[in-house]
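Numbering (the UniProt record's numbering), first residue to last: 1 to 727.
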């Protein structure tokens, strides 16, 4: 059947581990060395799938991925005249393990039961019936027998079973006439993955700021409310009164915005770019089209020649006018980008975003997802471990100064294109606040600093779920990256706190010099240059690069480790107090058209996109870098860790790699920061073929790996050894 996408086959005709008629198909077979008796054949090369290994020659399973719903197919062969208890136990365990995924079981069961139209119930049939009953499986069969014996008898022994969440996927189940080359009757069905209503996540852009006259906003604040606010800030002496002032400050801005800034109107259709966008272009396009129609309609040779010349002339003018207008539009765009600090970086991002395919919807938040599934998503994206929670520190008033002129410079550098948080206050609004409101915000932040506090409402985030690149399973939480959208007022405060924290860490040289992430005069470039230089300097040794990947580093950051390291690094009390509140009782909202989930992660995590998060991760990593750098060359860029190992022999190199791995593993275990061993590896480096490094623990060797986003094959690493070391 040329329309067949998948075939589920039992007792396949293998010839020396090969099926000639299926040479162009993908065969999913058991990993057992014996000749397999249950396979899955995939003809459709577009299907995305992944084999699930089962230690049996009679069971074969594959998980298929689609944009709407994933599902599993399990091919089964139960040999006749044998005990099938072990087979059924494996199927039972398989169903329990994949209870959340639709499972389609199909195969030759060689068993009789009245449930599937046989006249008698055999012991084997009763065992299968018990499995069907316990897992609430749906049995697909027809009124016609599926097997024809040599003596002319017929039996119903070929079954298709569906798990409860797969019953709606399978349609058009039917039995076909007997084929000449088999004594079984072919059965076919279609798998229709439902198309749920895909969800979009609501935008935090509430106001339409395009072409808005900001002087109207700046000049119309209520001065009486500002005066009251300033008095309340000056008189605040507790966390509760500070929270009230934050609420009042926010309300003054949003109330003014609602009065004078128009709201965004939802677009019912996708915006398309119109090249005929100016009046002159529209008129010229109309004339060109009119002459073109005359050219096609006329049969007179003289008129045809006149119209052709006229059409070509108008077409050239139209093309030139469109080109000039496009160039002018680009210049206008560049001029607006000049307001941001990094114009060419923004231009690059603009071009990149225009070229790449955009996923406007979020399948994992679609309408058919249950509240429990969304809760599971939230817990996966934002792990919790209450045992790692730390208490907030008590109030200790410490006068802190931060000059107003430095504060206004921070406001001036705000990027107006950054998405606002839950309060819908944009950076444009903050940049156009009247002077008295800027003074009020400055006083409010000084009050927060002095009382070592991070306000409650500034710990609330609306989380956008972003699909990671090259991810095919759109229903797996690991395919998504959470981005926390907090209030821009919160981010301004984070920047101020981060300035104080970085000043303390850098002025006393407390962060290990091997850390290149988010530090002045260091970058991913300096990190790569260091690695390349150190590799090239080791010309007469066996060497290898160890790449360590921490699983969800920012999301798994333990709060107790942060608090411990801040004390160890001698951070001032007011900073430790602010950070204790910053991490405590954060409220994460995951919103879509169909779901509204509130999650409170405990004990773990720094907000993705938070200003303080990178510095806090540097604090966490510092103890590991200090331990490693005493004896080994290591380089870190935030949570990317690379260690260079070198020795005179491959045996000594393997021993050193294992020692380094053990140090990192112990640190990971003690601090409850998991290592992703699937992405961590060892890259041997040599002039020609890399040395064989044996007896490695945990880590696998690789021929190419990524270091700070760059594949090692693309890096200028010189491994020219004139005198290779001995083994």
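We put the beta carbon where it would ideally sit given N, CA and C, even for glycine.
Can you name, in chain order, every residue of its own chain whose Cβ lies under 7 Å from the Cβ of residue 476, other than the five neighbours on each side?
none
Whose CA, out of 114, 391, 261, 415, lies closest to the CA of residue 206?
261
Where does residue 488 land, buried or exposed, given buried means 16+ other C-beta within 10 angstroms?
buried
Can you name, in chain order, every residue of its own chain whose Cβ lies under 6 Å from the Cβ of residue 624, other than the five neighbours on each side?
667
Taking the straight line between their C-alpha atoms, what separation do you get for residue 53 and residue 91?
13 Å
Give the single residue among 81, 95, 144 whose Cα lies nearest to the Cα of residue 122.
81
Considering just the uninterrupted stretch of the beta strand (DSSP E) at residue 634, what are its terminal residues?
633-637
Residue 682 lies in the beta strand (DSSP E); which residues open and close that run?
681-685
By Cβ distance, which residues of its chain are closer than 6 Å to residue 459, with the 5 residues on each side in sequence left out?
586
First and last residue of the uninterrupted beta strand (DSSP E) at residue 108
103-108
My output table needs one value for residue 111: the three-state DSSP class, helix, strand or coil.
coil
Under 8 Å between the Cβ atoms of residue 246 and residue 444?
yes
For residue 25, three-class secondary structure by DSSP
coil
Residue 407 and residue 432 - do their beta-carbons sit closer together than 8 Å?
no
Is the beta carbon of residue 106 closer than 8 Å to that of residue 594?
no
Where does residue 48 sit, in a helix, a strand or coil, going by DSSP?
strand
Using DSSP with H/G/I as helix, E/B as strand and the rest coil, what is residue 647?
strand
Judging by CA-CA distance, which residue of 186, 279, 332, 387 is the nearest neighbour of residue 159?
186
What is the C-beta distance between residue 144 and residue 97, in whole angstroms, given that I count them as a contact (C-beta under 8 Å)?
Incorrect: roughly 34 Å between the Cβ atoms, too far for contact.
Go through its chain and collect everything with a Cβ distance to residue 272's Cβ below 8 Å, but skip five positions before and after it.
Residue confidence is low: residue 272 scores 47 on pLDDT, short of 50, so the model does not pin down where it sits. No coordinate-derived value is stated.
How is the alpha helix (DSSP H) around residue 242 delimited, first residue to last?
239-260
Whose C-beta lies closer than 6 Å to the C-beta of residue 583 among residues of the same chain, with five residues either side of it excluded?
559
Cβ-based neighbour list, residue 590, same chain, cut-off 6 Å, excluding 5 preceding and 5 following
378, 463, 597
Distance between residue 644 and residue 31 (C-alpha atoms, nearest Å)
37 Å
Kindly indicate which three-state DSSP category residue 462 falls into: helix, strand or coil?
strand
In or out: residue 85 buried (at least 16 other Cβ within 10 Å) or exposed?
exposed
Residue 505 to residue 538 span [Cα, whole Å]:
32 Å
Find the nearest neighbour of residue 600 within the set 116, 503, 588, judged by alpha-carbon distance.
588
Chain-order list of residues whose beta-carbon lies under 7 Å from that of residue 95 (same chain, five-residue window excluded):
103, 135, 163
Give a yes or no on contact between the stretch 660-677 and the stretch 519-537, applying the rule of three or more CB pairs nearer than 8 Å.
no
Round the Cβ separation of residue 252 and residue 226 to the nearest angstrom and send it over; I've been treating them as touching at under 8 Å.
7 Å
DSSP-derived helix/strand/coil call for residue 428
helix
Find out if the Cβ-Cβ distance for the pair residue 46, residue 6 is shorter than 8 Å.
no
Rounded to the nearest angstrom, what separates residue 14 and residue 35 at their Cα positions?
8 Å
Using the DSSP secondary-structure output, state which residues sit across from residue 188 in a beta bridge.
174
So, under 8 Å CB-CB, residue 637 and residue 552 are touching, yes? Tell me the CB distance rounded to an integer number of Å.
Not quite, the Cβ-Cβ distance comes to about 17 Å (not below 8 Å), so this is no contact.
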